[in-house]
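A short worksheet on the structure shown next.
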Amino acid sequence: MLRVASKRIKRSHVLVLTAILFVTCTSISTIMLIKTHNLLSWSERATGRALVHLVVMQQAYLSILALHEHVDDDGADAELLKHYDLAWSAYETLINGTRHAYFMHDPQNLADLKVHFKTFKKNDPKNNALVNDKLRNALQQTQQAHTYLLGLLNHEFQGFARLNHERDIKLVNINHVLVSSLFGVSFSTGLFLFIIFRDRRRMAYLAYHDALTGIANRVSLKEKITQLQNNKVDFCSLLIDIDGFKSINDTYGHDIGDELLIHLANEMKAVCGERHFLGRLGGDEFAIVHLDRRGIEQMSQQLLTITANKIVIKGCQCDVGLSIGISCAMAEHESWVDVLKSADDAMYTAKERGGNQYQMHE
Numbered sequence: 003m004l005r006v007a008s009k010r011i012k013r014s015h016v017l018v019l020t021a022i023l024f025v026t027c028t029s030i031s032t033i034m035l036i037k038t039h040n041l042l043s044w045s046e047r048a049t050g051r052a053l054v055h056l057v058v059m060q061q062a063y064l065s066i067l068a069l070h071e072h073v074d075d076d077g078a079d080a081e082l083l084k085h086y087d088l089a090w091s092a093y094e095t096l097i098n099g100t101r102h103a104y105f106m107h108d109p110q111n112l113a114d115l116k117v118h119f120k121t122f123k124k125n126d127p128k129n130n131a132l133v134n135d136k137l138r139n140a141l142q143q144t145q146q147a148h149t150y151l152l153g154l155l156n157h158e159f160q161g162f163a164r165l166n167h168e169r170d171i172k173l174v175n176i177n178h179v180l181v182s183s184l185f186g187v188s189f190s191t192g193l194f195l196f197i198i199f200r201d202r203r204r205m206a207y208l209a210y211h212d213a214l215t216g217i218a219n220r221v222s223l224k225e226k227i228t229q230l231q232n233n234k235v236d237f238c239s240l241l242i243d244i245d246g247f248k249s250i251n252d253t254y255g256h257d258i259g260d261e262l263l264i265h266l267a268n269e270m271k272a273v274c275g276e277r278h279f280l281g282r283l284g285g286d287e288f289a290i291v292h293l294d295r296r297g298i299e300q301m302s303q304q305l306l307t308i309t310a311n312k313i314v315i316k317g318c319q320c321d322v323g324l325s326i327g328i329s330c331a332m333a334e335h336e337s338w339v340d341v342l343k344s345a346d347d348a349m350y351t352a353k354e355r356g357g358n359q360y361q362m363h364e
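Heads up: the sequence shown begins at 3 in our numbering, then just goes up one per residue.
The structure is reproduced here in structure tokens:
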């Protein structure tokens with residue numbers, strides 16, 4: 003029993019460690035997937051699309067402004083106002099809606115950008131007639147702002163390239179961790195399934211086998227006898243009780259008693275062979291379903307020889323005997339219990355006559 007308890011403790015430790023491994027690896031995998039998603043996110047803050055849009059809009063406005071120096075008509079004024087509004091809107095989007103672009107990491111860039119925007123607003127063609135010196139001044143200031151924006155755009159793309167390189171390195175490292183953690187998840191899941199299937203097989207085995215001796219248990223014995231009765235098969239049952247077993251337990255302890263039961267079960271199993279059915283009813287009681295009535299007494303004599311020789315368990319001499327009751331299935335036996343009851347009566351008769359013998363039910 004101690005060995006069984008020890009195995010259960012070891013199995014519980016394995017389950018706990020497997021659960022910890024599964025939870026840890028699953029958590030790491032989830033974190034790595036989130037990091038991967040964040041790194042692969044493609045947004046305006048990373049690409050600087052608002053900055054590109056401003057450069058394009060201001061380039062168009064600069065071209066119209068340069069053309070306006072040579073052409074003065076209502077159509078040119080309307081085109082100038084339209085491109086001014088587009089550039090103005092692009093400035094607003096860049097300053098207020100792109101807080102996390104790479105160039106925004108340096109506060110000075112934002113300050114310089116606001117200065118150019120302020121100058122740009124002073125040269126609003128709606129409020130100022132851009133002619134002569136005012137036009138040339140606006141053209142010069144717009145050109146300076148455009149040159150600044152081109153430099154800022156170059157700075158943005160260089161920084162973006164560096165961030166991409168750093169991101170790729172991080173993705174490679176995350177991939178290594180992710181592969182390892184997913185392997186851990188797969189391994190722990192496989193181990194869980196293995197333990198579950200193994201325990202299910204063990205539970206199915208224990209449902210029909212005795213946990214201590216490994217032979218058939220009471221449930222299996224019941225099904226065997228019931229099956230033979232339903233199929234109208236002739237058989238005999240032997241009920242075996244160990245004489246002196248209680249004194250062995252009291253003298254040497256239950257560990258020696260358990261080892262003695264295992265030893266006797268193995269010896270009985272050898273006598274029964276493959277043809278006959280051996281089971282443990284519980285305690286120190288065993289039962290055999292014998293399928294050949296003619297050899298029933300011969301088997302009983304062989305069983306008695308098991309305890310005729312000296313039995314030593316871990317240095318402890320165990321003087322025990324076997325009381326055997328024999329009953330053959332008859333018409334009045336309506337259930338498996340009736341069959342074993344007849345054998346039980348015969349077994350007690352054998353005990354009353356001194357034990358260590360067999361007795362047929364009359």
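Note that CB positions come from ideal geometry on N, CA and C, so glycine has one too.
Just so you know, the alpha carbons of residue 329 and residue 189 end up roughly 55 Å apart. Taking a cut-off of 8 Å on C-beta distances, the stretch 285-299 does not touch the stretch 199-213, as fewer than three cross pairs fall below it. For residue 256, the enclosing alpha helix (DSSP H) begins and ends at 256-274.
Secondary structure note for residue 349: its alpha helix (DSSP H) is the uninterrupted segment 338-354. Residue pairing by DSSP leaves residue 185 without any beta bridge partner. By the criterion of at least three beta-carbon pairs nearer than 8 Å, the stretch 239-246 is not in contact with the stretch 192-208.
Taking 8 Å as the cut-off, the Cβ atoms of residue 315 and residue 262 count as close. Boundaries for residue 287: no alpha helix (DSSP H) harbours it, while the beta strand (DSSP E) harbouring it runs 287-292, taken from the DSSP string.
Assignment of residue 314 by DSSP, reduced to helix, strand and coil, places it in the strand class. For residue 344, same chain residues with a beta-carbon under 6 Å away, outside a window of 5 residues either side, are 329, 363 in chain order.
Per DSSP, residue 220 lies in no beta strand (DSSP E); the unbroken alpha helix (DSSP H) holding it starts and ends at 220-232. Setting aside the 5 residues that flank it on each side, residue 224 is surrounded in the same chain by 338, each with a C-beta closer than 6 Å to its C-beta; the list follows chain order. Using a 10 angstroms sphere on the CB of residue 144, the tally of other CB atoms reaches 16 or more, which defines it as buried. A distance below 6 Å between beta-carbons, with the five flanking residues on each side excluded, links residue 121 to the following residues of its chain, in chain order: 143. For residue 328, the enclosing beta strand (DSSP E) covers residues 323-330.
Beta-bridge pairing by DSSP links residue 360 to 326.
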